[in-house]
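Worksheet: one structure, shown below.
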Ligand SMILES: Cc1ncc(C[n+]2csc(CCOP(=O)(O)OP(=O)(O)O)c2C)c(N)n1
Ligand code: SF4
Ligand code: SF4
Ligand code: SF4
Ligand SMILES: [Mg+2]
């Protein structure tokens, strides 16, 4: 199926700013789904609130545009009632790790078969550029006009320690890797986390004098390195990208169905 | 099976927002922005059908059609 068959073309051009990386995440995600030849009716995409969350409006799958921070809770409900469906949950950094941080760690701990995509632009884009838990120390935001004093989460380490069984990171510059990783994340049985560094030129870029979308992508190219690379060992400031964890563990819905079988037998 | 040969670069100018990503990162410098800041193929003969523009465009405005298709 061609990419355009997965789109709700009537809503295009989309609402994101010129050069916003969220569109590239949508692009890569659709190509992953195309490569997997998934049926539209077998995909449920659930999002919360934010510029990133608007992604569900543009795809012709089953979609739920829910409330800020709670996309994973809605997705858990859908998955528990219909474990045969593929659940994909794209979230902003604020959505996933500020207001939604608790849902995130517990979904990871349960290892429920959901693909969580964190579209990390290090800012609250939708509401005007407030800092998020991923903005990072020393960075500027509308709510940190003298620089931010909060330290950022490392999404990858957080996801691993919370129990996610597939954890990866890439950027909107590394588009082939983006498609490949999302494809593997969807195929993985268990809780998958894909962090995508994605540019918000309008707020994060402008506030931090990082230039426009082109310069921000150049920065992703120059400030990242493949996981375990020599360059990363020499220069620890480089951000690693690639697959960090990929392991098999009992999955939540499978375990739950075993419990139901036990309970039915005892009656 | 040889390398895919370009048939046509389809650019939906009504979807393009002129961000310049495709122009800057095309390895062959095929693309340019016109006076309305819309991308167009200035040198299609140089295109190697790598599809990077298609994959990177945040507005899903580019489709690279090759001969095999
Ligand atoms: C319960 C609740 N609190 C706060 C908001 C306001 N709000 C809307 S989007 C948002 C943050 C968006 O940031 P992020 O999740 O990083 O997404 P982005 O816009 O950057 O893609 C906030 C705080 C809300 N909609 N609902
Ligand atoms: S404000 Fe930032 S995140 Fe929101 S659409 Fe614009 S560039 Fe994208
Ligand atoms: S990347 Fe897409 S939106 Fe940006 S200039 Fe090129 S065609 Fe237009
Ligand atoms: S397919 Fe590759 S070479 Fe051709 S225009 Fe796009 S980026 Fe340039
Ligand atoms: Mg954000």
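Chains as they are written, first to last, in this note's numbering: chain F, 1 to 267; chain D, 1 to 69.
Virtual Cβ for every residue (Gly too), placed ideally from N, Cα, C.
None of the values given here were measured: they were computed from a predicted structure.
Cut-off 7 Å between Cβ atoms - residues of its own chain near residue i, not counting five sequence neighbours on either side
i, result
"residue 22/D", "31, 39, 53, 56, 57 and 62"
"residue 54/F", "15"
"residue 7/F", "58, 59 and 60"
"residue 22/F", "16, 51, 52, 55, 119 and 198"
Distance between residue j and residue i (C-alpha atoms, nearest Å)
i, j, result
"residue 94/F", "residue 76/F", "19 Å"
"residue 87/F", "residue 128/F", "29 Å"
"residue 38/F", "residue 192/F", "18 Å"
"residue 80/F", "residue 125/F", "32 Å"
"residue 44/F", "residue 189/F", "16 Å"
"residue 118/F", "residue 266/F", "42 Å"
"residue 43/D", "residue 42/F", "41 Å"
"residue 17/D", "residue 180/F", "26 Å"
"residue 26/D", "residue 197/F", "21 Å"
"residue 99/F", "residue 106/F", "13 Å"
"residue 7/D", "residue 40/F", "29 Å"
"residue 31/F", "residue 41/D", "23 Å"
"residue 78/F", "residue 112/F", "11 Å"
"residue 63/F", "residue 10/F", "16 Å"
"residue 13/F", "residue 115/F", "26 Å"
"residue 72/D", "residue 212/F", "The shown model of chain D, from 1 to 69, leaves out residue 72/D, and the question about it has no answer."
"residue 67/D", "residue 45/D", "14 Å"
"residue 35/D", "residue 15/D", "16 Å"
"residue 29/D", "residue 51/D", "13 Å"
"residue 121/F", "residue 226/F", "20 Å"
"residue 272/F", "residue 144/F", "Shown here, chain F extends from 1 to 267; a query on residue 272/F therefore has no answer."
"residue 238/F", "residue 231/F", "8 Å"
"residue 243/F", "residue 27/F", "20 Å"
"residue 35/F", "residue 5/F", "13 Å"
"residue 20/F", "residue 49/F", "17 Å"
"residue 49/D", "residue 175/F", "15 Å"
"residue 173/F", "residue 254/F", "37 Å"
"residue 171/F", "residue 123/F", "16 Å"
"residue 102/F", "residue 69/F", "9 Å"
"residue 140/F", "residue 205/F", "10 Å"
"residue 29/F", "residue 71/F", "18 Å"
"residue 160/F", "residue 92/F", "19 Å"
"residue 165/F", "residue 33/D", "44 Å"
"residue 33/F", "residue 3/F", "9 Å"
Residue i burial status per 10 Å Cβ neighbour count (16 or more: buried)
i, result
"residue 203/F", "buried"
"residue 84/F", "exposed"
"residue 90/F", "buried"
"residue 177/F", "buried"
"residue 257/F", "exposed"
"residue 1/F", "exposed"
"residue 10/D", "exposed"
"residue 252/F", "buried"
"residue 201/F", "buried"
"residue 59/D", "buried"
"residue 207/F", "buried"
"residue 263/F", "exposed"
"residue 234/F", "exposed"
"residue 228/F", "exposed"
"residue 82/F", "exposed"
"residue 5/D", "exposed"
Chain A contact residues for residue i, given Cβ-Cβ distances below 8 Å
i, result
"residue 21/F", "Included in the structure are the protein chains F and D, with no chain A among them."
Nonlocal neighbours in the same chain, by C-beta distance under 8 Å from residue i, ignoring five residues either side
i, result
"residue 97/F", "104, 118, 132, 133, 134, 153, 155 and 158"
"residue 65/D", "6, 7, 8, 9 and 10"
Same chain, Cβ closer than 6 Å to residue i, neighbours up to 5 away in sequence not counted
i, result
"residue 109/F", "162 and 163"
"residue 13/D", "38"
"residue 65/F", "47 and 56"
"residue 136/F", "152"
"residue 25/F", "119, 196 and 198"
"residue 168/F", "181, 194 and 243"
"residue 138/F", "147"
"residue 74/F", "46, 64 and 66"
"residue 210/F", "216"
"residue 241/F", "169, 170 and 224"
Any non-hydrogen atom of ligand 7 closer than 7 Å to residue i Cβ
i, result
"residue 123/F", "Looking at this structure, you won't find ligand 7 anywhere; what it does contain is ligand 1, ligand 2, ligand 3, ligand 4 and ligand 5."
For this session: Determine, using beta-carbon pairs with one atom in the stretch 216-225 of chain F and one in the stretch 147-159 of chain F, whether at least three such pairs fall under 8 Å.
Result: Because the criterion of three Cβ pairs below 8 Å is not met, the stretch 216-225 of chain F and the stretch 147-159 of chain F do not touch.
Problem set entry | Beta carbon nearer than 5 Å to a non-hydrogen atom of ligand 2 | Ordered along the chain, residues surrounding ligand 2 are 16/F, 17/F, 20/F, 51/F, 125/F, 200/F and 202/F [Cβ under 5 Å from any heavy atom].
For this session: Please determine if the stretch 173-186 of chain F and the stretch 129-138 of chain F are in contact, where contact requires at least 3 C-beta pairs separated by less than 8 Å.
Result: Counting Cβ pairs under 8 Å, fewer than three are found: no touch.
For this session: Assess, as a yes-or-no matter, whether the stretch 1-13 of chain D is touched by the stretch 238-251 of chain F under the definition of 3 or more beta carbon pairs within less than 8 Å.
Result: Judged by Cβ distances under 8 Å, the stretch 238-251 of chain F makes no contact with the stretch 1-13 of chain D, as fewer than three pairs qualify.
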